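These protein sequences, in sequence, are chains F and L. Taken in order, the first sequence gives residues 1 to 327; the numbers are from the numbering used here. Taken in order, the second sequence gives residues 1 to 393; the numbers are from the numbering used here.
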Amino acid sequence: MPELRYVDALNRAHHEEMERDERVVVLGEDVGRKGGVFGVTQGLFERFGEERVVDTPLAESSIVGCAIGMACNGLVPIAEIQFADFIHPAFDQIVSEAARMRYRSNGAFGVPLVIRVPYGGAHGTALYHSQCVEAFYAHVPGLKVVAPGTPYDAKGMLKAAVRDPDPVLFLEHKRMYRLVRGEVPEGDYTVPLGPAVVRKEGKDLSVFTYGWTLHEALRAAETAAQEGIAVEVVEVRCLRPLDKETILRSVAKTNKALVVYEDNRFGGFGAEIAALIAEEAFEDLDGPVMRLGGPDVPGIPFARPLEQWYWINQDKILGAIRRLAHY
Amino acid sequence: MATDVLLPQLGESTYEATIGRWLKSPGDRVERFEPLVELITDKVNVEMPSPVAGRLVEIVAQEGQTLPVGSVIARVEEDGAQAAAPGPEEAPAARGAQLPAGRLSPLVSRLVQEHGITPEELAQIRGTGTGGRITKQDVLSYLERRGKAAAPEAAPPTAEIPAVGEQRVPLSPLRRAIADRLSRAKREVPHAYGVVEADVTDLVRWYEAQREAFQRQHGVRLTYTALFARAAVEALRAFPVVNAQWAEDAIVLKPHINLGVAVSVEEGLVVPVLHRAEEKSLVGIARELEDLTRRAREGKLTLEDVQGGTFTLTNPGVFGSIWSLPIVNYPQAAILATDAIVKRPVVRDDAIAIRAVMHLGLSFDHRVFDGAVALQFLNHVKASLEAVDPVIR
Chain F
1 MPELRYVDAL
11 NRAHHEEMER
21 DERVVVLGED
31 VGRKGGVFGV
41 TQGLFERFGE
51 ERVVDTPLAE
61 SSIVGCAIGM
71 ACNGLVPIAE
81 IQFADFIHPA
91 FDQIVSEAAR
101 MRYRSNGAFG
111 VPLVIRVPYG
121 GAHGTALYHS
131 QCVEAFYAHV
141 PGLKVVAPGT
151 PYDAKGMLKA
161 AVRDPDPVLF
171 LEHKRMYRLV
181 RGEVPEGDYT
191 VPLGPAVVRK
201 EGKDLSVFTY
211 GWTLHEALRA
221 AETAAQEGIA
231 VEVVEVRCLR
241 PLDKETILRS
251 VAKTNKALVV
261 YEDNRFGGFG
271 AEIAALIAEE
281 AFEDLDGPVM
291 RLGGPDVPGI
301 PFARPLEQWY
311 WINQDKILGA
321 IRRLAHY
Chain L
1 MATDVLLPQL
11 GESTYEATIG
21 RWLKSPGDRV
31 ERFEPLVELI
41 TDKVNVEMPS
51 PVAGRLVEIV
61 AQEGQTLPVG
71 SVIARVEEDG
81 AQAAAPGPEE
91 APAARGAQLP
101 AGRLSPLVSR
111 LVQEHGITPE
121 ELAQIRGTGT
131 GGRITKQDVL
141 SYLERRGKAA
151 APEAAPPTAE
161 IPAVGEQRVP
171 LSPLRRAIAD
181 RLSRAKREVP
191 HAYGVVEADV
201 TDLVRWYEAQ
211 REAFQRQHGV
221 RLTYTALFAR
231 AAVEALRAFP
241 VVNAQWAEDA
251 IVLKPHINLG
261 VAVSVEEGLV
271 VPVLHRAEEK
281 SLVGIARELE
291 DLTRRAREGK
301 LTLEDVQGGT
311 FTLTNPGVFG
321 SIWSLPIVNY
331 PQAAILATDA
341 IVKRPVVRDD
351 AIAIRAVMHL
361 GLSFDHRVFD
371 GAVALQFLNH
381 VKASLEAVDP
391 VIR
């Protein structure tokens, strides 16, 4: 099986889905001639033409609004939001229109739309190119919100998202594009949108995370193992729907839970996982449900030391693991 | 929304129960408090009422399964209106209430419950967590040590390879409860005994003459056990210290005579209680005894039926025993054994006569009272039986 970068796995999925189904179209800023600022849509314009790969104006509300119209009229659009930070003008279209269409029309209309969203902090991305937006959208019934953490899942889940009859917010942590590699099968396969997955088994405590922090957590878990702490790492790759069973099963096994996420800690998505555990696994707990999230500041700072201070890296995760393990 | 039906705590020392028979099938409608399932504990069989009204959607625990308290045994889909209303909690509220000061995590609390760790034991466990907190590992290590400490005693029989033809009979919850309670009584209570002989010739005559009329008049069968119970109640009234219990720093005299009567059942022995026996006539006692005995044999005693006993009467005479020294029913102070009535040649007025006689044996907690009281008590019982009149009222 070839080893691919995260970005290439996504690119393959685009090519294969557009080839498979001519209703699939791509639209967004610089997705055509340039092939996307991160290169996810490279080669699509040349191969499928400007009718199916559409460069749009810098207007996210319009990108999503047009895509909703396309979806309601028989197309299967993949809309790219260049950076999650710019998705906010489209909030109304996503929350009030796309997410509600099936409910509002009593099932007569669906919106088979994928909104791809590069998100999260990387070196020097600062306030306008580093936001985490999952909490806003995971709150909304009618949307699916997913954040695959491996190239295998990136390809398989994007294909599943394209084939899903309802809108899917597809979050891609941009640090992963070129740093994360993994085996990706040639040809067609899908990964269902829903199940969480245990990436590393352990008996002493469970870490629940998604996106880039999965990789930081796995490294922290390795170090912890050398100290005799067996950490179970569970990737919650689908935020909505949330796989409660896998989460609760892991807590029932380890009796301690640490939730790790990059977004601001307060009101972040991890709070939902923490609340679930507190409510439904209370009698399994041998320690407080802990959260490790970003500091409560309005954005990831540009200055290097401050950027370091913000990031949820393996050292911070290891610190939290030690505290909880020794509780 | 489906509500989990949890296995309730049935009595303070019950940590598990066995599912007897489901009285409802999936899909059936159940009303709140309507019997849902029969539960068999080491003490009694009870019918558990449904905590909510709705439809039984799933039976999680199968008949014959033994589960710890708090396990999900079924799911009931609640009626819409009641689902929203915060109904009173049916779940055991006192869980962990008797634990010593110091915080336990929910998991540790659960382990304590599940393994029956006493507050005294808990106090011995050294916490290795933050601020000396008792962690899961601390409890598990303790349980391992406890298991090993108990092992040497238990080891020889279990370690033996069963000889050909030997059969190992698994303990029923009832058998295990009997074993635990009797061991505890023998271990903690310094037993002493007294036996007197009663001449019950007149009582036997009265009984033979009256029993049919009694049954016709009251619609209930008269038994010797009922007569012995009456005699015991009269004596307990005269000697409150026998109707009592040792409490380390005091002797607790009980305000009412709740007379336990040992009943032999298929699986072993149960002791239903005649509550406030001092308020009851012979007819009342006979009637209640008949009801309790029948329900004991049918396995239909409720928890209330077996709780609160202050003194126990056992009648091994029905099996032909002529000399019995029972073990007290912990934590009660004493137990009276009534042996078989047999005809014997005895000396009366310096002549040999053939009389119907029986032995009355009292086993008692010597910490609570002494032999003098025990014999006065026995003689009171004896006198009542011999005089007949006091016991037939």
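Beta carbons are placed, not taken as given, at the ideal position from N, Cα and C, and that holds for glycine. These numbers were taken from a predicted model, which means no experiment stands behind them.
Is the beta carbon of residue j closer than 8 Å to that of residue i?
{"i": "residue 173 of chain F", "j": "residue 119 of chain F", "result": "yes"}
{"i": "residue 47 of chain L", "j": "residue 38 of chain L", "result": "yes"}
{"i": "residue 59 of chain L", "j": "residue 26 of chain L", "result": "yes"}
{"i": "residue 230 of chain L", "j": "residue 178 of chain L", "result": "no"}
{"i": "residue 147 of chain F", "j": "residue 113 of chain F", "result": "no"}
{"i": "residue 69 of chain L", "j": "residue 121 of chain L", "result": "no"}
{"i": "residue 34 of chain L", "j": "residue 51 of chain L", "result": "no"}
{"i": "residue 260 of chain F", "j": "residue 213 of chain F", "result": "yes"}
{"i": "residue 28 of chain F", "j": "residue 80 of chain F", "result": "yes"}
{"i": "residue 326 of chain L", "j": "residue 363 of chain L", "result": "yes"}
{"i": "residue 392 of chain L", "j": "residue 282 of chain L", "result": "yes"}
{"i": "residue 312 of chain F", "j": "residue 262 of chain F", "result": "yes"}
{"i": "residue 153 of chain F", "j": "residue 237 of chain F", "result": "yes"}
{"i": "residue 193 of chain F", "j": "residue 168 of chain F", "result": "yes"}
{"i": "residue 68 of chain F", "j": "residue 111 of chain F", "result": "yes"}
{"i": "residue 240 of chain F", "j": "residue 270 of chain F", "result": "no"}
{"i": "residue 110 of chain L", "j": "residue 283 of chain F", "result": "yes"}
{"i": "residue 258 of chain F", "j": "residue 324 of chain F", "result": "yes"}
{"i": "residue 160 of chain F", "j": "residue 117 of chain F", "result": "no"}
{"i": "residue 181 of chain F", "j": "residue 3 of chain F", "result": "yes"}
{"i": "residue 39 of chain F", "j": "residue 7 of chain F", "result": "yes"}
{"i": "residue 242 of chain L", "j": "residue 369 of chain L", "result": "yes"}
{"i": "residue 297 of chain L", "j": "residue 346 of chain L", "result": "no"}
{"i": "residue 162 of chain F", "j": "residue 17 of chain F", "result": "yes"}
{"i": "residue 358 of chain L", "j": "residue 200 of chain L", "result": "yes"}
Using the DSSP secondary-structure output, state which residues sit across from residue i in a beta bridge.
{"i": "residue 231 of chain F", "result": "F:205"}
{"i": "residue 246 of chain L", "result": "L:251"}
{"i": "residue 119 of chain F", "result": "F:173"}
{"i": "residue 55 of chain L", "result": "L:29 and L:77"}
{"i": "residue 358 of chain L", "result": "L:198"}
{"i": "residue 78 of chain F", "result": "F:26 and F:114"}
{"i": "residue 138 of chain L", "result": "For residue 138 of chain L, which the question treats as bridged, DSSP gives no partner whatsoever."}
{"i": "residue 40 of chain L", "result": "L:18 and L:45"}
{"i": "residue 365 of chain L", "result": "L:191"}
{"i": "residue 269 of chain L", "result": "L:264"}
{"i": "residue 112 of chain L", "result": "According to DSSP, residue 112 of chain L bridges with nothing at all."}
{"i": "residue 98 of chain F", "result": "According to DSSP, residue 98 of chain F bridges with nothing at all."}
{"i": "residue 3 of chain F", "result": "F:183"}
{"i": "residue 3 of chain L", "result": "L:76"}
{"i": "residue 144 of chain F", "result": "F:168"}
{"i": "residue 10 of chain L", "result": "Its beta-bridge partners do not exist; DSSP assigns none."}
{"i": "residue 35 of chain L", "result": "L:49"}
{"i": "residue 55 of chain F", "result": "F:28"}
{"i": "residue 68 of chain L", "result": "L:16"}
{"i": "residue 240 of chain F", "result": "F:145"}
For my contact list, residue i and residue j are in at a C-beta cut-off of 8 Å; report their separation, rounded to the angstrom.
{"i": "residue 366 of chain L", "j": "residue 190 of chain L", "result": "5 Å"}
{"i": "residue 333 of chain L", "j": "residue 244 of chain L", "result": "5 Å"}
{"i": "residue 199 of chain F", "j": "residue 233 of chain F", "result": "5 Å"}
{"i": "residue 196 of chain F", "j": "residue 235 of chain F", "result": "6 Å"}
{"i": "residue 381 of chain L", "j": "residue 336 of chain L", "result": "7 Å"}
{"i": "residue 257 of chain L", "j": "residue 289 of chain L", "result": "That belief does not hold up - the Cβ atoms of residue 257 of chain L and residue 289 of chain L are roughly 14 Å apart, past 8 Å."}
{"i": "residue 338 of chain L", "j": "residue 317 of chain L", "result": "5 Å"}
Between residue i and chain A, is there a C-beta pair that is closer than 8 Å?
{"i": "residue 167 of chain F", "result": "Absent from the structure: chain A. Protein chains present are F and L."}
Curious, which full-length beta strand (DSSP E) runs of at least 3 residues does the region 305 to 351 of chain L contain?
311 to 314, 334 to 338 and 342 to 348
Closer than 8 Å, Cβ to any Cβ of chain L: which residues of the region 271 to 294 of chain F, in chain order?
282, 283, 284, 285, 286 and 287
Listed in chain order, which residues of the region 245 to 267 of chain F have Cβ atoms closer than 9 Å to some Cβ of chain L?
255 and 256
Check distances from the C-beta atoms of the region 57 to 89 of chain F to those of chain L and list, in chain order, the residues that come in under 9 Å.
none
Between the region 98 to 123 of chain L and chain F, which residues of the former have a C-beta closer than 7 Å to a C-beta of the latter?
105, 106, 107, 108 and 110
Please identify, using Cβ separations under 8 Å, the residues of the region 125 to 142 of chain L that lie next to chain F, in order along the chain.
129, 130, 133, 135 and 136
Which complete beta strand (DSSP E) runs does the region 258 to 316 of chain F hold, if anything under 3 residues is left out?
290 to 294
What are the residues of the region 298 to 326 of chain F that lie near chain L, defined by any Cβ-Cβ distance shorter than 8 Å?
326
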